[in-house]
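Protein sequence lines correspond, in order, to chains D and A. Okay, so the first sequence: first residue is 9 according to the numbering used here, each after it adds one. Okay, so the second sequence: first residue is 27 according to the numbering used here, each after it adds one. One structure is given below, encoded as structure tokens.
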Amino acid sequence: MFKRLIAALLLTASTAHAQSVTMAMSSAPTSVDPHYHTFAPNETLDIHIYDRLVERDPQNNLIPGLALSWQLIDDGTWEFKLRPGVKFHDGSEFTAADVAYTFARVPTVVNSPGSFSIYTKTVVAMETPDPYTVRMKTSGIYPLLPVDLTNVFIIPKNLGPAPATEDFNSGKNTAGTGAFRMTSYKSGERVELERNEAWWGPKPHWQHLTIRMIPNDGARTAALLAGDVQLIEFVPTADATRLRTDTRVSLAEIASLRLIYLWLDRSRTGPTPFVTGPNGETLATNPLNDLRVRQALSMAINRPAIVDRVMEGAAYAAGQFVGPGTWGHAPGLNPPTYDVAKAKALLAEAGYPNGFRITLHGPNDRYVNDGKIIQAVGQMWSRIGVQTTVDAITWPNYIARANKQDFSAYLLGWGFSEATNPLRSLVYTFSPAKGWGAVNRGRYSNPGFDALVDRLMTTADEAARETLTIAANRMAMADVALIPLHLQKNIWAMRAGLSFVPRADEDTRVMELRPVAAKPAP
Amino acid sequence: MKEETPFTRFRKEFAESPLAVLGLVVVLIIAALALLAPLITPQNPYDLAQLDIMDGRLAPGAKSADGLTFWLGTDDQGRDMLSGIIYGLRISLGVGIGSAVVAGIIGSSLGLAAAYFGGRLETAIMRLVDLQLSFPAILVALMILAVLGKGVLNVMLAITLVEWARYARTARGAALVERRREYIEAAECLALPRWRLLFRHLLPNCMPPLIVIGTIQIARAITLEATLSFLGLGVPITEPSLGLLIANGYQYMLSGKYWISFYPGIALLTTIVAINLVGDQLRDVLNPRLKR
Numbered sequence: 009m010f011k012r013l014i015a016a017l018l019l020t021a022s023t024a025h026a027q028s029v030t031m032a033m034s035s036a037p038t039s040v041d042p043h044y045h046t047f048a049p050n051e052t053l054d055i056h057i058y059d060r061l062v063e064r065d066p067q068n069n070l071i072p073g074l075a076l077s078w079q080l081i082d083d084g085t086w087e088f089k090l091r092p093g094v095k096f097h098d099g100s101e102f103t104a105a106d107v108a109y110t111f112a113r114v115p116t117v118v119n120s121p122g123s124f125s126i127y128t129k130t131v132v133a134m135e136t137p138d139p140y141t142v143r144m145k146t147s148g149i150y151p152l153l154p155v156d157l158t159n160v161f162i163i164p165k166n167l168g169p170a171p172a173t174e175d176f177n178s179g180k181n182t183a184g185t186g187a188f189r190m191t192s193y194k195s196g197e198r199v200e201l202e203r204n205e206a207w208w209g210p211k212p213h214w215q216h217l218t219i220r221m222i223p224n225d226g227a228r229t230a231a232l233l234a235g236d237v238q239l240i241e242f243v244p245t246a247d248a249t250r251l252r253t254d255t256r257v258s259l260a261e262i263a264s265l266r267l268i269y270l271w272l273d274r275s276r277t278g279p280t281p282f283v284t285g286p287n288g289e290t291l292a293t294n295p296l297n298d299l300r301v302r303q304a305l306s307m308a309i310n311r312p313a314i315v316d317r318v319m320e321g322a323a324y325a326a327g328q329f330v331g332p333g334t335w336g337h338a339p340g341l342n343p344p345t346y347d348v349a350k351a352k353a354l355l356a357e358a359g360y361p362n363g364f365r366i367t368l369h370g371p372n373d374r375y376v377n378d379g380k381i382i383q384a385v386g387q388m389w390s391r392i393g394v395q396t397t398v399d400a401i402t403w404p405n406y407i408a409r410a411n412k413q414d415f416s417a418y419l420l421g422w423g424f425s426e427a428t429n430p431l432r433s434l435v436y437t438f439s440p441a442k443g444w445g446a447v448n449r450g451r452y453s454n455p456g457f458d459a460l461v462d463r464l465m466t467t468a469d470e471a472a473r474e475t476l477t478i479a480a481n482r483m484a485m486a487d488v489a490l491i492p493l494h495l496q497k498n499i500w501a502m503r504a505g506l507s508f509v510p511r512a513d514e515d516t517r518v519m520e521l522r523p524v525a526a527k528p529a530p
Numbered sequence: 027m028k029e030e031t032p033f034t035r036f037r038k039e040f041a042e043s044p045l046a047v048l049g050l051v052v053v054l055i056i057a058a059l060a061l062l063a064p065l066i067t068p069q070n071p072y073d074l075a076q077l078d079i080m081d082g083r084l085a086p087g088a089k090s091a092d093g094l095t096f097w098l099g100t101d102d103q104g105r106d107m108l109s110g111i112i113y114g115l116r117i118s119l120g121v122g123i124g125s126a127v128v129a130g131i132i133g134s135s136l137g138l139a140a141a142y143f144g145g146r147l148e149t150a151i152m153r154l155v156d157l158q159l160s161f162p163a164i165l166v167a168l169m170i171l172a173v174l175g176k177g178v179l180n181v182m183l184a185i186t187l188v189e190w191a192r193y194a195r196t197a198r199g200a201a202l203v204e205r206r207r208e209y210i211e212a213a214e215c216l217a218l219p220r221w222r223l224l225f226r227h228l229l230p231n232c233m234p235p236l237i238v239i240g241t242i243q244i245a246r247a248i249t250l251e252a253t254l255s256f257l258g259l260g261v262p263i264t265e266p267s268l269g270l271l272i273a274n275g276y277q278y279m280l281s282g283k284y285w286i287s288f289y290p291g292i293a294l295l296t297t298i299v300a301i302n303l304v305g306d307q308l309r310d311v312l313n314p315r316l317k318r
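So this is what it looks like as structure tokens:
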């Protein structure tokens, strides 16, 4: 009798378990309100509850979300055809009026620490000719509107005027069209969700989803190994090595959209502060303006060694802004081949047969293994006769000095959501009025390149824009506008027997966590 | 029979504890290693050109591509751990002794002055000491380094600023006892200048407790430097001290690459235990109350 009771209990426990899943996030969302804060952890939570008009596939290509199709009907108007028959969690039907309501609400969120209006402000007017059509007007041609819309979650108009952020957190207002319905939210601790049986997308495997916040890297890994959680995000590189050999777990990895690279000072034609001659004498000109010197410095870096030894395999050596398979990737544009002899020859040709002295700066608390990367680069540069001193500085001081062009060679990283962004933000000529080249700290400037970017940014056709993006990518790399080192990998770890689709955009979507198809019994 | 000078008596009493003698021998060996580091290490661990990342995280006893044997393995940058530890000891001892001496001079002077002059000066100095000692040393040092930035000199400055108070308190205690002695009265009657009185008459007689606290403080300063470097606020990353070496290896502990943290840890432990053994015995020998 007693045994039967236990057996029955175990059975119910295991079936309940099969339908429930717990995922651990690395940082806590600041709110459930999908328009409160442009913050990656919020997005990870919100994609389970809400949908967007345009979605991104794992490789960051645009795919239909709540909009089935979109096209530019004239230079200033985008038309979106909406998905019919979609219902919010509160039972109301999704129509064009909800889109208009959402766009009106986004700029009015009170006390937003990072407003979503950056994604909606280009829309100057909106028309809803019928319930399943939305026309958005922009001032002038703006090809990136569909990309911007991959950030805007749609909420139902039933929430009434000015819904308060607190009401989203309490659960009162939390109704989306998403794959899961929120049942409880404990700030900084955990979120409970139930499957939305009426969701338009492929049915998630899990009936019940718990999202826990475990910011400590070691604790997150330990929770996975103990089986307390089934999926963790942002696996630290040191743990990844160990997890790869552990049969209890498996990993899912993909090249992220975060490039780690080196800036070379191009803002000065005269001496640059941290470069001197081989015996410490001041140089009359800035050697970093010479293409051959930049090529030599790039070629001297053994990127596979950095990936293998410093990043422990958790990165891809980079020769351009985005990784293979990602939109805008230039085929065949590989990282420069590591070649000490050729690098030395190039330096000699440029008039520096005995090299020079340089200080390589970097942060030591910002990017994965940043301090170790610059030491490794320092070793490699020293080998071609560029005597390198390495100086790692804590991030707040570092970035303040980098913003003032204080350094000659320095490491930074740049994360982006689409491939034209680094072209516009990083290597376009620094133009504060236009808002482009905003983080071009190296002050690279090439009018030919700028013209190419101007052209691609007014090209609406997706394929033509990609061709131009690739051309711009090649031009910047041929000119060594910056020295790309590697793209970080996004790594997830899950219990063995589960499969997960890794995503370039760092989002963790439990919808894409499924059991590996069980082998049929013999 | 030969007359026993104070020094021979001191030496005899010190040698009564074999453990303390062992400690002293270890301290002397470590000091010699630290001083001779550039001559005896197989590699200059601070010269990036001598490191090769492809030699990174090799196990103890492994050989590099060009035949150098890494007896204690290498760290993640391919730095020979043996060389790294010996150079690290150099920084640790330098910072430890340097900051202990400077803090000793400042602290003892203020303590003597407080005891001798009394009054408002004493109140001011001693309340400052109380205030200083009520904060955990590591917290104050962290704040100072956050403002000043990294670097060996800044670490020494920070440690000096948090450690002077202990000397001041000890010096004042000793000086309060001594200043009522007849020799001080005699010196005052001779109308000797104040500085002479303080430093030539009072200070030498307060020395024993200061020497004891000095040894303990050297060990404390070394620990504090290691802690600060471990937390990433001490020395630059290309010139690791023991604390930074331990921090570098810490993240590999779970991956089985124990040697990156383990050997610098042993070196740090040995140094501190040895200094403390010497300090303990000095206290016993120099404390008149423990005289048999």
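Cβ atoms here follow ideal geometry from the backbone N, Cα and C, with glycine treated the same way.
Pick helix, strand or coil for residue i, following the three-state DSSP scheme.
i: ILE298 of chain A; result: helix
i: ALA187 of chain D; result: coil
i: THR31 of chain A; result: coil
i: ALA441 of chain D; result: coil
i: LYS497 of chain D; result: strand
i: LYS380 of chain D; result: helix
i: THR473 of chain D; result: Residue identity differs from the one stated: residue 473 of chain D is Arg in this sequence, not Thr. ARG473 of chain D: helix per DSSP, three-state reduction.
i: SER416 of chain D; result: coil
i: VAL398 of chain D; result: strand
i: PRO49 of chain D; result: helix
i: PRO37 of chain D; result: coil
i: ILE366 of chain D; result: strand
i: ALA457 of chain D; result: Looking at the sequence provided, one finds Phe at residue 457 of chain D rather than Ala. In this structure, PHE457 of chain D counts as helix in the three-state DSSP scheme.
i: HIS213 of chain D; result: coil
i: ILE149 of chain D; result: coil
Residues of chain A with CB closer than 9 Å to the CB of residue i, please, in chain order.
i: GLY363 of chain D; result: In chain order: nothing, as chain A lies at least about 11 Å away.
i: GLN496 of chain D; result: In chain order: nothing, as chain A lies at least about 17 Å away.
i: ALA234 of chain D; result: Result: empty, since nearest Cβ-Cβ is about 15 Å, beyond 9 Å.
Assuming residue i contacts residue j (C-beta within less than 8 Å), just tell me the rounded distance between them.
i: GLY137 of chain A; j: THR196 of chain A; result: 7 Å
Kindly list, in the order they appear in chain D, the residues whose Cβ is closer than 9 Å to that of residue i.
i: GLN69 of chain A; result: Residues of chain D passing the Cβ test: none, with the nearest at roughly 13 Å.
i: SER125 of chain A; result: Chain D residues near SER125 of chain A: none, gap ~22 Å exceeds 9 Å.
i: ILE263 of chain A; result: ASN372, GLY379, LYS380, ILE382, GLN383, VAL398, ASP399 and ALA400
i: LEU268 of chain A; result: Chain D residues near LEU268 of chain A: none, gap ~18 Å exceeds 9 Å.
Quick one: list the residues of chain D neighbouring residue i, beta-carbon separation under 8 Å, in chain order.
i: ASP102 of chain A; result: ARG317, VAL318 and LYS380
i: ASP78 of chain A; result: GLN387
i: TYR278 of chain A; result: ALA246
i: GLY199 of chain A; result: What GLY199 of chain A touches in chain D: nothing, since even the nearest Cβ is about 40 Å away.
List, in order along the chain, the chain A residues whose C-beta lies closer than 7 Å to that of residue i?
i: VAL243 of chain D; result: Simply none; closest approach about 13 Å.
i: THR249 of chain D; result: SER281
i: ALA504 of chain D; result: Those do not exist, as ALA504 of chain D stays about 19 Å from chain A at its closest Cβ, beyond 7 Å.
Given residue i, which residues of its chain have a CB within under 7 Å of its CB, disregarding the five upstream and five downstream residues?
i: GLU204 of chain A; result: ILE210, LEU228, ASN231 and CYS232
i: VAL461 of chain D; result: LEU431, ARG432, TYR436 and ALA480
i: LYS380 of chain D; result: VAL318
Find the residues of chain D that neighbour residue i, judging by a C-beta separation of less than 7 Å, and give them in chain order.
i: GLY82 of chain A; result: ARG317
Can you find the residues in the same chain that come closer than 6 Å, C-beta to C-beta, to residue i, ignoring five residues on each side of it along the sequence?
i: ASP273 of chain D; result: THR280, LEU296 and SER416
i: TYR278 of chain A; result: ILE286
i: ARG83 of chain A; result: ASP102 and LYS283
Got a sec? Which residues, its chain only, sit under 8 Å from residue i by beta carbon, not counting five neighbours each side?
i: ALA206 of chain D; result: LYS95
i: GLN79 of chain D; result: TRP86 and GLU87
i: THR402 of chain D; result: PRO371, ASN372 and ASP373
* Asked: Which full runs of the beta strand (DSSP E) of 3+ residues lie inside the segment 285-358 of chain D, going along the chain?
  -> Qualifying beta strand (DSSP E) stretches, in chain order: 323-325.
* If you scan the segment 205-274 of chain A from start to end, which runs of the alpha helix (DSSP H) of 4 or more residues do you find wholly inside it? -> Whole alpha helix (DSSP H) segments, 4+ residues: 208-215 and 229-256.
* Asked: What residue ranges within the segment 78-146 of chain A form continuous alpha helix (DSSP H) runs of no fewer than 4 residues, ordered along the chain?
  -> As far as the segment 78-146 of chain A is concerned, its whole alpha helix (DSSP H) runs of at least 4 residues are 107-143.
* Scan the segment 165-207 of chain A and note each continuous beta strand (DSSP E) run of 3 residues or more that stays entirely inside, going in chain order. => Within the segment 165-207 of chain A, no run of beta strand (DSSP E) at least 3 residues long lies entirely inside it.
* Pick out the complete alpha helix (DSSP H) segments inside the segment 63-145 of chain D, 4 residues or longer, and give them in chain order. => 104-113 and 125-128
* To do: Kindly provide the ranges of any beta strand (DSSP E) runs that are 3 or more residues long and lie completely inside the segment 230-291 of chain D, ordered along the chain.
  => 257-272
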